[in-house]
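Novice: I'd like to ask some things about the structure below.
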Amino acid sequence: MHPWLSRLKWRYRSPPHPLLPLGDPRLRAPAAQVPDNARPCTAGTIRSLADALHWFQARHGAARGIAAPQIGIPFRIILVERDGEEVPLINPVITWTSPESRFGWERCMSFPHLAVCVPRPVSLSVTFLTAESTRDTWEHVGPDLSSVVRHEVDHLDGVLTLDRAEAWEMVVPWTRLVAEPNRFHPHPREASAGSPQEPETHSGRS
Ligand SMILES: [Zn+2]
Numbered sequence: 000m001h002p003w004l005s006r007l008k009w010r011y012r013s014p015p016h017p018l019l020p021l022g023d024p025r026l027r028a029p030a031a032q033v034p035d036n037a038r039p040c041t042a043g044t045i046r047s048l049a050d051a052l053h054w055f056q057a058r059h060g061a062a063r064g065i066a067a068p069q070i071g072i073p074f075r076i077i078l079v080e081r082d083g084e085e086v087p088l089i090n091p092v093i094t095w096t097s098p099e100s101r102f103g104w105e106r107c108m109s110f111p112h113l114a115v116c117v118p119r120p121v122s123l124s125v126t127f128l129t130a131e132s133t134r135d136t137w138e139h140v141g142p143d144l145s146s147v148v149r150h151e152v153d154h155l156d157g158v159l160t161l162d163r164a165e166a167w168e169m170v171v172p173w174t175r176l177v178a179e180p181n182r183f184h185p186h187p188r189e190a191s192a193g194s195p196q197e198p199e200t201h202s203g204r205s
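Structure below.
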């Protein structure tokens, strides 16, 4: 199907799997490891995550990752975009994070009306199982992918961007950030330094 038709299809249908909204206690529950004997069943979850991601992208715009708990599946599975490809990470473990971090605006599919400025490591390494149950590792990924992976793995631990905001001034309506991007520096406390960052979305871009 042509990408444009696919986007239109998702835009006008109901969400395939309801995204749990902020306040749902299931977003706060740590997700369980996917057991060995359940791995053959992960294909359905991965498909559901992709469907929900496509629906959100068609309805709300950019999104680069999603975690299984966001659609009510309490297992450690995330789906992230890397180099234009959607990649599932099963039982992901962050094995290294850079000492340096940077602030960026993130949007979460569970509360897409808010933008939250959070610090993220500029790089990290993550090991995980693929959909084929082989082990893979991404070493020292760049800052964009690092922030997406960190955002989604946070979901697996019941942590949301709002928990990482250091002050309420780091939470603004998403529409306001998009309308006035020059007004909001990635780190409000450093507003006089550097140049504004383009709004980014995670599971928002996640
Ligand atoms: Zn999120």
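All the letters of the sequence shown, read from the start, carry residue numbers 0 to 205 under numbering that gives the first Met the number 0.
C-beta atoms are modelled at their ideal positions from N, C-alpha and C, and glycine is treated no differently.
Only a predicted model underlies this, so the values are computations on that prediction, with no experimental measurement involved.
Answer yes or no: do L78 and F127 have a C-beta to C-beta separation smaller than 8 Å?
Specialist: Taking the sequence shown and counting its residues from 1, one reaches residue 78 at position 79. Taking the sequence shown and counting its residues from 1, one reaches residue 127 at position 128. No; because the gap between Cβ atoms is not below 8 Å, this pair is not in contact.
Novice: Would the beta-carbon of R119 fall within 8 Å of that of G141?
Specialist: As a first step, residue 119 must be located in the sequence shown, where it is residue number 120. As a first step, residue 141 must be located in the sequence shown, where it is residue number 142. No, the Cβ-Cβ distance between R119 and G141 is not below 8 Å.
Novice: Strictly by DSSP, which residues pair up with T136?
Specialist: Working through the sequence shown from its first residue, we reach residue 136 at position 137. T126, per the DSSP bridge assignment.
Novice: Taking 7 Å as the cut-off, does the CB of M108 come closer than this to any heavy atom belonging to ligand 1?
Specialist: Here residue 108 is taken as the residue at index 109 of the sequence shown, counted from 1. Correct: M108 has its Cβ closer than 7 Å to ligand 1.
Novice: Leaving out the 5 sequence neighbours to the left and right, which residues in its chain are closer than 7 Å to P198 when beta-carbon positions are compared?
Specialist: Counting from 1 along the sequence shown, the entry for residue 198 is found at position 199. Legend: pLDDT at P198 = 45, less than 50; position of this residue unreliable, value from coordinates given subsequently. Counting only Cβ-Cβ distances below 7 Å, and skipping sequence neighbours, we find W104, A114, L176, V177, P180.
Novice: From what residue to what residue does the beta strand (DSSP E) around V170 run?
Specialist: The sequence position of residue 170 within the sequence shown is 171, counting from 1. Counting along the chain, the beta strand (DSSP E) containing V170 begins and ends at 170 to 172.
Novice: What are the boundary residues of the alpha helix (DSSP H) that includes V148?
Specialist: Residue 148 sits at position 149 when you count from the first residue of the sequence shown. Start and end: 142 to 155.
Novice: For the structure I just gave you, are there three or more beta carbon pairs, one from the segment 90 to 100 and one from the segment 161 to 169, closer than 8 Å?
Specialist: no
Novice: Note down the Cα distance separating G22 from V33, rounded to an integer number of angstroms.
Specialist: Counted from its first residue, the sequence shown places residue 22 at position 23. Counted from its first residue, the sequence shown places residue 33 at position 34. Approximately 25 Å between the Cα atoms of the pair.
Novice: Following a CB-centred definition, is H154 positioned closer than 7 Å to any heavy atom of ligand 1?
Specialist: If you number the sequence shown from 1, residue 154 lands on position 155. Yes.
Novice: Note the first and the last residue of the continuous alpha helix (DSSP H) segment covering G103.
Specialist: Along the sequence shown, read from residue 1 onward, the residue named residue 103 stands at position 104. First-last for G103: 100 to 107, but that is the beta strand (DSSP E), not the alpha helix (DSSP H).
Novice: Pairs of beta-carbons, one from the segment 131 to 140 and one from the segment 45 to 58, closer than 8 Å: are there three or more?
Specialist: no
Novice: With a threshold of 16 other CB atoms inside 10 Å of the CB of E80, please say whether the residue is buried or exposed.
Specialist: On the sequence shown, residue 80 is found 81 positions in, with the first residue counted as 1. So E80 ends up on the buried side.
Novice: By the DSSP assignment, the alpha helix (DSSP H) with A51 in it spans what residues?
Specialist: Sequence index remark: in the sequence shown, residue 51 carries index 52 (1-based). Per DSSP, A51 belongs to the alpha helix (DSSP H) from 41 to 59.
Novice: Among S145, E165, R27, V171, which one has its Cα closest to the Cα of V92?
Specialist: As a first step, residue 92 is located in the sequence shown; it is residue number 93 there, counting from the start. Considering only alpha carbons, the answer is S145.
Novice: Taking 7 Å as the cut-off, is the CB of H150 close to at least one heavy atom of ligand 1?
Specialist: If you number the sequence shown from 1, residue 150 lands on position 151. H150: yes, Cβ under 7 Å from ligand 1.
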